[in-house]
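Trainee: Below is one structure. I have some questions about it.
There are 2 protein chains.
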Amino acid sequence: MTRTADNLDSTEAFDSEAYIDGIGRAARAAAVEMARASTQSKNEALSVIAGNIEDAEAAILAANAEDLAQASDLESALLERLTLNPKRVGAMADGLKQVADLADPVGETTAMHYRPSGIQVGQMRVPIGVVGIIYESRPNVTADAAALCLKAGNAAILRGGSEALNSNAAIAVCIAEGLLKTGLPDAAVQVIGTTDRAAVGAMLAAHKWVDVIVPRGGKGLIERVSREARMPTIKHLDGVCHVFIDTSADVTKAFDIALNSKTQRYGTCNTLETLLVARPIASRVLPKLIGAYRDAGVELRGCPEVRAMDPDIVAATESDWYEEYLAPILAIRVVDGLDQAIEHIRRYGSQHTDGIVTEDLGSARRFLAEVDSSSVMLNASTRFADGYEYGLGAEVGISTDKIHARGPVGLTGLTSQKWVVIGDGHVRG
Amino acid sequence: MTRTADNLDSTEAFDSEAYIDGIGRAARAAAVEMARASTQSKNEALSVIAGNIEDAEAAILAANAEDLAQASDLESALLERLTLNPKRVGAMADGLKQVADLADPVGETTAMHYRPSGIQVGQMRVPIGVVGIIYESRPNVTADAAALCLKAGNAAILRGGSEALNSNAAIAVCIAEGLLKTGLPDAAVQVIGTTDRAAVGAMLAAHKWVDVIVPRGGKGLIERVSREARMPTIKHLDGVCHVFIDTSADVTKAFDIALNSKTQRYGTCNTLETLLVARPIASRVLPKLIGAYRDAGVELRGCPEVRAMDPDIVAATESDWYEEYLAPILAIRVVDGLDQAIEHIRRYGSQHTDGIVTEDLGSARRFLAEVDSSSVMLNASTRFADGYEYGLGAEVGISTDKIHARGPVGLTGLTSQKWVVIGDGHVRG
Numbered sequence: 000m001t002r003t004a005d006n007l008d009s010t011e012a013f014d015s016e017a018y019i020d021g022i023g024r025a026a027r028a029a030a031v032e033m034a035r036a037s038t039q040s041k042n043e044a045l046s047v048i049a050g051n052i053e054d055a056e057a058a059i060l061a062a063n064a065e066d067l068a069q070a071s072d073l074e075s076a077l078l079e080r081l082t083l084n085p086k087r088v089g090a091m092a093d094g095l096k097q098v099a100d101l102a103d104p105v106g107e108t109t110a111m112h113y114r115p116s117g118i119q120v121g122q123m124r125v126p127i128g129v130v131g132i133i134y135e136s137r138p139n140v141t142a143d144a145a146a147l148c149l150k151a152g153n154a155a156i157l158r159g160g161s162e163a164l165n166s167n168a169a170i171a172v173c174i175a176e177g178l179l180k181t182g183l184p185d186a187a188v189q190v191i192g193t194t195d196r197a198a199v200g201a202m203l204a205a206h207k208w209v210d211v212i213v214p215r216g217g218k219g220l221i222e223r224v225s226r227e228a229r230m231p232t233i234k235h236l237d238g239v240c241h242v243f244i245d246t247s248a249d250v251t252k253a254f255d256i257a258l259n260s261k262t263q264r265y266g267t268c269n270t271l272e273t274l275l276v277a278r279p280i281a282s283r284v285l286p287k288l289i290g291a292y293r294d295a296g297v298e299l300r301g302c303p304e305v306r307a308m309d310p311d312i313v314a315a316t317e318s319d320w321y322e323e324y325l326a327p328i329l330a331i332r333v334v335d336g337l338d339q340a341i342e343h344i345r346r347y348g349s350q351h352t353d354g355i356v357t358e359d360l361g362s363a364r365r366f367l368a369e370v371d372s373s374s375v376m377l378n379a380s381t382r383f384a385d386g387y388e389y390g391l392g393a394e395v396g397i398s399t400d401k402i403h404a405r406g407p408v409g410l411t412g413l414t415s416q417k418w419v420v421i422g423d424g425h426v427r428g
Numbered sequence: 000m001t002r003t004a005d006n007l008d009s010t011e012a013f014d015s016e017a018y019i020d021g022i023g024r025a026a027r028a029a030a031v032e033m034a035r036a037s038t039q040s041k042n043e044a045l046s047v048i049a050g051n052i053e054d055a056e057a058a059i060l061a062a063n064a065e066d067l068a069q070a071s072d073l074e075s076a077l078l079e080r081l082t083l084n085p086k087r088v089g090a091m092a093d094g095l096k097q098v099a100d101l102a103d104p105v106g107e108t109t110a111m112h113y114r115p116s117g118i119q120v121g122q123m124r125v126p127i128g129v130v131g132i133i134y135e136s137r138p139n140v141t142a143d144a145a146a147l148c149l150k151a152g153n154a155a156i157l158r159g160g161s162e163a164l165n166s167n168a169a170i171a172v173c174i175a176e177g178l179l180k181t182g183l184p185d186a187a188v189q190v191i192g193t194t195d196r197a198a199v200g201a202m203l204a205a206h207k208w209v210d211v212i213v214p215r216g217g218k219g220l221i222e223r224v225s226r227e228a229r230m231p232t233i234k235h236l237d238g239v240c241h242v243f244i245d246t247s248a249d250v251t252k253a254f255d256i257a258l259n260s261k262t263q264r265y266g267t268c269n270t271l272e273t274l275l276v277a278r279p280i281a282s283r284v285l286p287k288l289i290g291a292y293r294d295a296g297v298e299l300r301g302c303p304e305v306r307a308m309d310p311d312i313v314a315a316t317e318s319d320w321y322e323e324y325l326a327p328i329l330a331i332r333v334v335d336g337l338d339q340a341i342e343h344i345r346r347y348g349s350q351h352t353d354g355i356v357t358e359d360l361g362s363a364r365r366f367l368a369e370v371d372s373s374s375v376m377l378n379a380s381t382r383f384a385d386g387y388e389y390g391l392g393a394e395v396g397i398s399t400d401k402i403h404a405r406g407p408v409g410l411t412g413l414t415s416q417k418w419v420v421i422g423d424g425h426v427r428g
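As you go down the protein sequences, you meet chains R and L in turn.
If you count by numbering that gives the first Met the number 0, then the first sequence holds residues 0 to 428, one letter each, in order.
If you count by numbering that gives the first Met the number 0, then the second sequence holds residues 0 to 428, one letter each, in order.
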């Protein structure tokens with residue numbers, strides 16, 4: 000049974016621990032079945048769910064309208080994320096079909112080789128087990144996350160934002176029916192149907208049932224999960240992304256990349272927040288860029304050298320270099336060159352996505368090797384740091400953690416590798 | 000400066016937070032240098048350290064004798080682990096040379112491919128940063144762990160057991176001198192020189208400086224680390240390992256593997272603890288095995304069917320199936336066949352190492368795919384689950400976690416992968 004909003008109300012007292020215990024137990028049992036499900040049945044389920052979502056467009060939009068009616072006090076960016084329309088419903092269905100087209104990661108066995116003892120050793124990719132995902136606002140995460148977990152052979156427990164409760168429940172019905180129709184356990188994807196905040200606490204404590212937690216949302220959520228989770232987490236902190244325009248950069252590429260990285264979208268974590276420019280090239284690249292940012296309505300905050308070029312630019316303070324604006328604001332600093340750029344990124348960056356624009360192979364090699372971020376880019380917009388752009392089909396999030404999965408997390412990040420040893424009666428001497 | 004036991008005493012009050020803060024800050028700075036150290040300089044350091052250890056054999060043995068003199072109240076297994084001799088010192092030096100011979104994992108870039116947008120995307124293997132290792136008794140872990148962390152481009156903070164303080168300090172001197180001689184920062188490997196337990200607490204709280212913690216030791220240590228660590232951990236819980244003798248097993252291979260898995264060494268985590276035998280083959284394989292176990296001095300605890308074959312066998316209770324004996328004791332159960340064996344392992348096992356003995360390809364495929372343990376084995380002794388046997392050169396531990404690293408953790412487990420994007424002025428449309 001997929002647990003949805005039926006008969007649950009945030010104001011009614013209920014036992015969240017027992018509720019999560021039931022969900023966790025069902026997820027664990029479903030995970031065993033999912034781990035041995037065939038590629039064919041998983042793909043069939045994804046395709047049936049995609050069809051269900053297309054067929055249920057009217058019901059999903061009606062549920063979304065209910066959510067929107069109750070969410071009128073949300074700020075506009077959140078409202079925009081919450082809103083579904085026929086195009087977005089179609090994109091959800093397409094996302095499921097794309098995940099069906101991806102190669103099945105489960106069972107992939109690599110590097111089997113003989114050891115001097117005579118045994119063969121290799122590694123087999125396997126599901127993690129039960130994946131808990133806690134997210135906010137965007138109902139499409141329900142479909143995306145379910146698709147990736149399902150294809151990777153995991154069971155998923157999804158806890159969306161209370162503001163999207165009806166939308167998520169409508170999508171959950173499409174998923175559950177698709178699983179049942181293809182003979183897979185419907186508990187493989189369970190959508191938490193209560194807005195009780197204690198249920199999140201119970202989920203974070205349920206390390207017996209949940210193998211990994213992926214939080215997707217604002218800082219408050221991430222901090223709560225970091226503090227309370229009793230199981231490993233795959234999480235995303237800030238996205239203070241940099242582009243460094245090296246002395247040897249091509250001026251046209253530098254202009255295009257610096258502009259696109261900031262202005263293609265403002266509210267995303269891979270958006271440029273601080274532009275670093277090598278002093279020798281600053282006067283050739285900055286004036287035109289400053290004009291273009293102005294035309295796009297971007298507020299600029301600069302170091303003294305940048306302000307010397309254009310006194311209308313606001314002075315950047317120390318805190319600006321740490322800032323993830325998520326808004327049409329950009330900090331700009333002139334640096335001596337590559338070393339100071341790398342040092343700036345190390346000091347102020349968030350290890351998310353950082354790029355260099357250069358035609359110099361030595362600078363490129365050093366930047367790509369030495370900048371310790373989840374994505375490093377050469378002559379490309381930071382906006383490419385995204386599961387779809389990387390070919391993962393979708394992403395359950397972008398990780399700024401340093402172990403397990405870094406950057407966009409797709410199927411591989413939702414699996415693990417176990418060792419496989421094959422002998423023919425071999426014993427250890 | 001490498002912090003060793005100088006001027007520190009467990010009885011003297013000191014500020015463990017400030018102490019760990021100093022160590023952490025130095026480790027973070029050293030990690031930056033280590034991440035860009037050349038393969039050649041890392042290998043040279045390993046080789047110089049190996050030579051230092053060989054040259055310092057007398058000093059290391061004298062320090063070890065001091066530790067042993069103070070540790071006379073330890074139980075014999077722990078004393079055995081603490082004891083160094085010329086052969087063990089030589090093995091430490093050889094281990095360092097073996098790690099020098101391994102390929103450098105840092106910078107390995109895989110699967111670079113073009114995306115429809117025109118960018119090239121791939122993944123580069125990079126150091127994790129600062130690795131904290133907390134371990135007990137065996138001084139050789141100091142050399143092994145330092146070698147692996149160094150080769151993987153990390154900085155290491157090592158906190159050995161208080162009983163091995165002098166031995167570890169003597170080894171630390173060899174490491175620090177080797178690092179300095181080859182121009183690498185000596186803070187790349189710091190050995191905690193206090194037995195203050197508060198220092199462990201401060202280390203577990205120092206998520207600002209330490210990227211991952213690896214505890215190696217008894218249950219008390221693992222539980223404390225799980226509870227207190229504010230950073231990700233790579234850890235090992237129980238090793239309740241199984242061998243399942245399938246109906247179609249070769250009787251000779253089954254005998255050899257079941258005997259070796261239990262008796263080759265009793266105190267290790269990959270030692271067999273419960274033997275499962277398919278009913279149709281039980282009468283052909285068990286009587287001879289029971290005799291051999293008896294000859295080896297192994298106490299047997301069996302299910303009713305096993306006891307029907309030999310009434311001298313003690314009756315196994317429910318708790319025996321969960322037990323990691325780490326001793327010459329073995330539980331034996333007759334099962335219907337493959338399904339019941341997999342179910343038993345799922346219920347009672349610890350997801351460490353489990354093997355099947357069979358000549359049937361279908362059984363082998365199912366067991367290897369469906370048993371969710373860090374190592375799964377076909378026709379081979381469970382005792383092979385080991386970093387050296389797998390060709391990792393050494394191991395910093397065996398992980399029973401499900402994310403990042405499973406099973407023996409070597410160089411790969413001490414690194415991560417970041418995304419690399421290469422364009423030529425590409426922007427997102």
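Note that the Cβ used here is the ideal one computed from N, Cα and C, for glycine as well.
Please confirm whether Gly-106/R has its beta-carbon closer than 8 Å to some beta-carbon of chain L.
Mentor: yes
Trainee: Nearest-angstrom Cα distance between Pro-279/R and Cys-268/R?
Mentor: 30 Å
Trainee: Any residues in the region 382-398 of chain L with a beta carbon nearer than 9 Å to a beta carbon of chain R? Which ones, in chain order?
Mentor: Arg-382, Phe-383, Ala-384, Asp-385, Glu-388, Tyr-389, Gly-390
Trainee: What are the boundary residues of the alpha helix (DSSP H) that includes His-343/L?
Mentor: 337-347
Trainee: Apart from the five residues on each side of it in sequence, which residues of its chain come closer than 7 Å, Cβ to Cβ, to Glu-369/R?
Mentor: Ile-341
Trainee: Can you check which of these residues, Leu-178/L, Gly-159/L, Leu-149/L, Gln-263/L, is closest to Thr-141/L by C-alpha distance?
Mentor: Gly-159/L
Trainee: Is the separation between the beta-carbon of Tyr-134/L and that of Arg-215/L shorter than 8 Å?
Mentor: yes
Trainee: In the DSSP assignment, what residue or residues form a beta bridge with Pro-214/L?
Mentor: Ile-133/L
Trainee: Nearest-angstrom Cα distance between Val-420/R and Ala-110/R?
Mentor: 12 Å
Trainee: Decide if the region 353-369 of chain L is in contact with the region 239-255 of chain L; the criterion is three or more beta carbon pairs, one per stretch, under 8 Å apart.
Mentor: yes
Trainee: Comparing alpha-carbon positions, which option in Arg-226/R, Ala-30/R, Gly-217/R, Ala-291/R lies nearest Cys-148/R?
Mentor: Among Arg-226/R, Ala-30/R, Gly-217/R, Ala-291/R, the Cα nearest to that of Cys-148/R belongs to Ala-30/R.
Trainee: With a CB to CB cut of under 8 Å and the five nearest residues on each side skipped, what residues in its chain are close to Leu-220/R?
Mentor: Contacts found: Ile-133, Glu-135, Pro-214.
Trainee: Taking C-beta to C-beta, are Glu-394/L and Arg-114/R nearer than 8 Å?
Mentor: Result no, Cβ atoms of Glu-394/L and Arg-114/R do not sit closer than 8 Å.
Trainee: Within 10 angstroms of its Cβ, does Leu-271/L collect 16 or more other Cβ (buried), or is it exposed?
Mentor: buried
Trainee: Whose CA, out of Pro-327/L, Asp-237/L, Ala-145/L, Ala-17/L, lies closest to the CA of Gly-296/L?
Mentor: The residue with the shortest Cα to Cα distance from Gly-296/L is Pro-327/L.
Trainee: Would you mind telling me which residues of chain R sit closer than 8 Å to Trp-418/L, beta carbon to beta carbon, in chain order?
Mentor: Ser-373, Ser-374, Val-375, Ala-384, Tyr-389, Arg-405, Gly-406, Pro-407
Trainee: What does a CB cutoff of less than 6 Å around Asn-174/R pick up in its chain, not counting 5 residues either side in sequence?
Mentor: For the record, residue 174/R in the displayed sequence is Ile; it is not Asn. Once the five neighbours on either side are set aside, the close Cβ partners of Ile-174/R are Ile-48, Ala-145, Val-188.
Trainee: From what residue to what residue does the alpha helix (DSSP H) around Phe-366/R run?
Mentor: 360-369
Trainee: Could you tell me the alpha carbon to alpha carbon distance between Gln-416/L and His-403/L, rounded to whole angstroms?
Mentor: 11 Å
Trainee: Is Tyr-321/L helix, strand or coil when you go by DSSP?
Mentor: helix
Trainee: If we ignore side chains and look at the alpha-carbon of each, how far apart do Glu-43/L and Gly-177/L end up?
Mentor: 9 Å
Trainee: Hey, how far is the Cα of Thr-411/R from the Cα of Thr-108/R?
Mentor: 13 Å
Trainee: Can you give me the C-alpha to C-alpha distance between Gly-217/L and Ala-102/R, rounded to a whole angstrom?
Mentor: 41 Å
Trainee: Along the chain, which unbroken stretches of the beta strand (DSSP E) at least 3 residues long are found entirely within the region 147-211 of chain R?
Mentor: Listed in chain order, the complete beta strand (DSSP E) runs (minimum 3 residues) inside the region 147-211 of chain R are 154-158, 188-190.
Trainee: If we cut at 8 Å on Cβ distances, does Asn-167/L have a partner in chain R?
Mentor: no
Trainee: Tell me, to the nearest whole angstrom, how far the beta carbon of Pro-126/L is from that of Val-105/L; I am working on the premise that it is less than 8 Å.
Mentor: 6 Å
Trainee: Leu-78/R and Ala-68/R look like a contact to me (Cβ under 8 Å); what is the Cβ gap, rounded to whole Å?
Mentor: About 11 Å separates the two Cβ atoms, so there is no contact after all.
Trainee: Is there a Cβ of chain L sitting closer than 8 Å to that of His-425/R, yes or no?
Mentor: yes
Trainee: Kindly list the residues whose CB is nearer than 8 Å to the CB of Leu-329/L, restricted to its own chain and excluding five residues on each side of it in sequence; keep chain order.
Mentor: So the list reads Lys-261, Leu-271, Glu-272, Thr-273, Leu-274, Tyr-292, Val-297, Glu-298, Leu-299, Arg-300, once near-sequence residues are dropped.
Trainee: Closest Cβ-Cβ distance between Ile-221/R and chain L: below 8 Å?
Mentor: no
Trainee: Answer with buried or exposed for Ala-55/L, where buried requires no fewer than 16 other C-beta atoms within 10 angstroms of its C-beta.
Mentor: Classification for Ala-55/L: buried.
Trainee: Give me the residue from Leu-179/R, Gly-21/R, Phe-13/R, Asp-311/R with the minimum Cα distance to Ser-46/R.
Mentor: Leu-179/R
Trainee: Kindly list the residues whose CB is nearer than 8 Å to the CB of Glu-227/L, restricted to its own chain and excluding five residues on each side of it in sequence; keep chain order.
Mentor: Gly-200, Leu-203, Ala-204
Trainee: Among Tyr-347/L, Ile-118/L, Gly-23/L, which has the Cα closest to the Cα of Thr-381/R?
Mentor: Comparing Cα positions, the closest option is Ile-118/L.
Trainee: Put Gly-390/R into one of helix, strand or coil per three-state DSSP.
Mentor: Gly-390/R falls in the coil class under three-state DSSP.
Trainee: Compare the beta carbon distance of Leu-236/L and Ala-257/L with 8 Å and say whether it is the shorter of the two.
Mentor: no
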